[in-house]
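Chemist: Counted from 1, the sequence shown has number 163 at position 163 by UniProt numbering; the numbering is strictly sequential.
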Amino acid sequence: MSVQTSSSSSLVPNVELHNGVKMPIIGLGTWEVNQSPQCEQCIFNAIEIGYRHIDTACIYRNEKLIGQVLKQCIFESPQKQHSENTHHSKLNREDLFITSKLPPTRVQSEDIIRETFMTSLEELQLSYLDCYLIHWPGTSKLKVTSDQNRLNRIATWRVLEKLYREGKTRSIGVSNFTYQHMIELLEDIQSREDGIIPHVNQIEYHPLLYKTHAQLEDLCKQHSIIIQAYSPLAHGELMQGKYGQVTSRECLQWILQRGHVILPRSIKRNHLEENFKAVTDWASNIIEDQSRLKRLDQLVENEVRICWNPETIK
Numbered sequence: 001m002s003v004q005t006s007s008s009s010s011l012v013p014n015v016e017l018h019n020g021v022k023m024p025i026i027g028l029g030t031w032e033v034n035q036s037p038q039c040e041q042c043i044f045n046a047i048e049i050g051y052r053h054i055d056t057a058c059i060y061r062n063e064k065l066i067g068q069v070l071k072q073c074i075f076e077s078p079q080k081q082h083s084e085n086t087h088h089s090k091l092n093r094e095d096l097f098i099t100s101k102l103p104p105t106r107v108q109s110e111d112i113i114r115e116t117f118m119t120s121l122e123e124l125q126l127s128y129l130d131c132y133l134i135h136w137p138g139t140s141k142l143k144v145t146s147d148q149n150r151l152n153r154i155a156t157w158r159v160l161e162k163l164y165r166e167g168k169t170r171s172i173g174v175s176n177f178t179y180q181h182m183i184e185l186l187e188d189i190q191s192r193e194d195g196i197i198p199h200v201n202q203i204e205y206h207p208l209l210y211k212t213h214a215q216l217e218d219l220c221k222q223h224s225i226i227i228q229a230y231s232p233l234a235h236g237e238l239m240q241g242k243y244g245q246v247t248s249r250e251c252l253q254w255i256l257q258r259g260h261v262i263l264p265r266s267i268k269r270n271h272l273e274e275n276f277k278a279v280t281d282w283a284s285n286i287i288e289d290q291s292r293l294k295r296l297d298q299l300v301e302n303e304v305r306i307c308w309n310p311e312t313i314k
């Protein structure tokens, strides 16, 4: 299968991480997209539409499938250039931003963390990652109240710092870390001369769940940590009519206006196109009526969490 790359990708702005690395403001979320050939077709469609940022994880069990697509879409030699005469041109590796994550089942030692990281690289058929995240603040099989969770987070972060210094990943970060988790991690980082502040914190974020994150948002802004919003459409909950007439376009532009990167997920090409157009329009200042976006601030009095709750992890 050949991929027809889209020039519209140039319309998607990047956000600059605090180390100068640039990340597209929309990425393709791939949680539960792990069946062949559905997964491969989804990635092909996304790249063809113009997506250049793909978010995966060891625990998603789709890295190998994604890697097979990337192998077909990326030039084997970095010296090869795009052909100006073909619309079916391949991409250079640096055109893509690929993120993966370390699962809570694999944080027991540096050797295990390194092995897990290298397995992700091999399955994705890449020589480096653009971003690598600690997927969850807790450790599998530990009680959520155990202080060992905190100690493991700190030890794991130090290994990610090593991977970053070794050039195996262009940026590092965390996922599902609360304000308290971040405070504790930053205390350790800032106690060391060579500590590296996370570039990213990926969290559940949408109009039904954002007030909870107020302190966390302020902290991340203070330290130039980019927030990535996963489940930005609340798994479609927002579009079911329960909260009035709400569109995916409104939700995505609402999050973009709050300064965050979005990671919508879909396997349907028309939805991939709609989500992408919401971003390219936003970048061109074609934005939904501000009163409609402002309305999303007040959809619920009691916030609704769709995914896992990291607040329970000590």
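Beta carbons are placed, not taken as given, at the ideal position from N, Cα and C, and that holds for glycine.
Report the three-state DSSP secondary structure of GLU193 (helix, strand or coil).
Modeler: In the sequence shown, the residue the question calls residue 193 occupies position 193. Of the three classes helix, strand and coil, the one that applies to GLU193 here is coil, per DSSP.
Chemist: Going by DSSP in three states, SER120 sits in which element: helix, strand or coil?
Modeler: For the purposes of this step, residue 120 is taken as the residue at position 120 of the sequence shown. If DSSP states are grouped into helix, strand and coil, SER120 belongs with the helices.
Chemist: Going by CA-CA distance only, name the one from GLY259, ILE286, LEU238 that's closest to VAL300.
Modeler: Position 300 of the sequence shown, counting from 1, holds the residue named residue 300. Nearest C-alpha to VAL300: LEU238.
Chemist: Measuring only from the beta carbon, is GLU311 closer than 7 Å to any heavy atom that is part of the ligand SAM?
Modeler: Of the ligands one can find in the structure shown there are none, so the ligand SAM has no counterpart to examine.
Chemist: At which residue ranges does the region 177-240 contain complete beta strand (DSSP E) runs of 3 or more residues, listed in the order of the chain?
Modeler: The qualifying runs are 200-204, 226-230.
Chemist: At 3 residues or longer, and completely inside the region 17-68: list those beta strand (DSSP E) runs for me, N to C.
Modeler: Runs of the beta strand (DSSP E) inside the region 17-68: 22-24, 53-55.
Chemist: If we count the other Cβ atoms within 10 Å of its Cβ and call it buried at 16 or more, is ILE225 buried or exposed?
Modeler: Residue mapping note: residue 225 aligns to position 225 of the sequence shown, counting from 1. Buried, since its Cβ has 16 or more Cβ neighbours within 10 Å.
Chemist: Please go through the same chain and pick out, in chain order, the residues whose beta-carbon is closer than 6 Å to the beta-carbon of HIS260, but skip the five residues on each side of it.
Modeler: Along the sequence shown, read from residue 1 onward, the residue named residue 260 stands at position 260. Answer for HIS260: ILE227, ALA229, listed in chain order.
Chemist: Can you give the Cα-Cα distance for PRO37 and GLN68, rounded to whole angstroms?
Modeler: Translated into positions along the sequence shown, residue 37 becomes position 37. Translated into positions along the sequence shown, residue 68 becomes position 68. Their backbone Cα atoms lie some 11 Å apart in a straight line.
Chemist: ASN201 and GLY173: beta carbons closer than 8 Å?
Modeler: The residue labelled residue 201 in the question sits at position 201 within the sequence shown. The residue labelled residue 173 in the question sits at position 173 within the sequence shown. Contact: yes.
Chemist: Hey, quick one: how far does the beta strand (DSSP E) through THR99 stretch, first residue to last?
Modeler: Mapped onto the sequence shown, residue 99 falls at position 99. Counting along the chain, the beta strand (DSSP E) containing THR99 begins and ends at 97-102.
Chemist: State the beta-bridge partners of GLY173 as determined by DSSP.
Modeler: Position 173 of the sequence shown, counted from the start, is the residue given in the question as residue 173. According to DSSP, which records beta bridges pairwise, GLY173 is partnered with LEU133, VAL200.
Chemist: Helix, strand or coil, according to DSSP, for ILE74 in the structure here?
Modeler: To locate residue 74, count along the sequence shown from 1; it is residue 74. Strand, per DSSP.
Chemist: Using the Cα positions of LEU121 and GLU94, report the straight-line distance between them to the nearest angstrom.
Modeler: Here residue 121 corresponds to residue number 121 of the sequence shown, with the count starting at 1. Here residue 94 corresponds to residue number 94 of the sequence shown, with the count starting at 1. Whole-angstrom Cα-Cα distance: 15 Å.
Chemist: If you drop the 5 nearest sequence neighbours on each side, which residues of the same chain put their C-beta closer than 8 Å to that of GLY195?
Modeler: Position 195 of the sequence shown, counted from the start, is the residue given in the question as residue 195. The answer, listed in chain order, is GLU161, ASP188, ILE189.
Chemist: Can you tell which of LEU17, TYR60, TYR51 has its C-alpha closest to the C-alpha of GLN35?
Modeler: The count along the sequence shown starts at 1 and reaches residue 35 at position 35. GLN35 has its Cα closest to that of TYR60, out of LEU17, TYR60, TYR51.
Chemist: Could you check how far apart the C-beta atoms of THR178 and GLU311 are, in whole angstroms? I think they sit under 8 Å.
Modeler: Here residue 178 refers to the residue found at position 178 of the sequence shown. Here residue 311 refers to the residue found at position 311 of the sequence shown. About 6 Å separates the two Cβ atoms, so the contact holds.
Chemist: For TRP308, which of ARG292, SER231, GLU123 has the nearest alpha-carbon?
Modeler: Taking the first residue of the sequence shown as position 1, residue 308 is located at position 308. It is SER231 whose Cα lies nearest to the Cα of TRP308.
Chemist: Using 8 Å as the threshold, is the C-beta distance between HIS18 and HIS199 below it?
Modeler: What you label residue 18 is simply residue 18 of the sequence shown in a count that begins at 1. What you label residue 199 is simply residue 199 of the sequence shown in a count that begins at 1. A contact, by the Cβ cut-off of 8 Å.
Chemist: Expressed to the nearest angstrom, what Euclidean distance is found between the alpha-carbon atoms of SER291 and PRO207?
Modeler: Residue numbering aside, residue 291 sits at position 291 when the sequence shown is read from its first letter. Residue numbering aside, residue 207 sits at position 207 when the sequence shown is read from its first letter. About 14 Å.
Chemist: Buried or exposed, going by whether 16 or more other CB atoms sit within 10 Å of the CB of THR145?
Modeler: The sequence position of residue 145 within the sequence shown is 145, counting from 1. Result: exposed.
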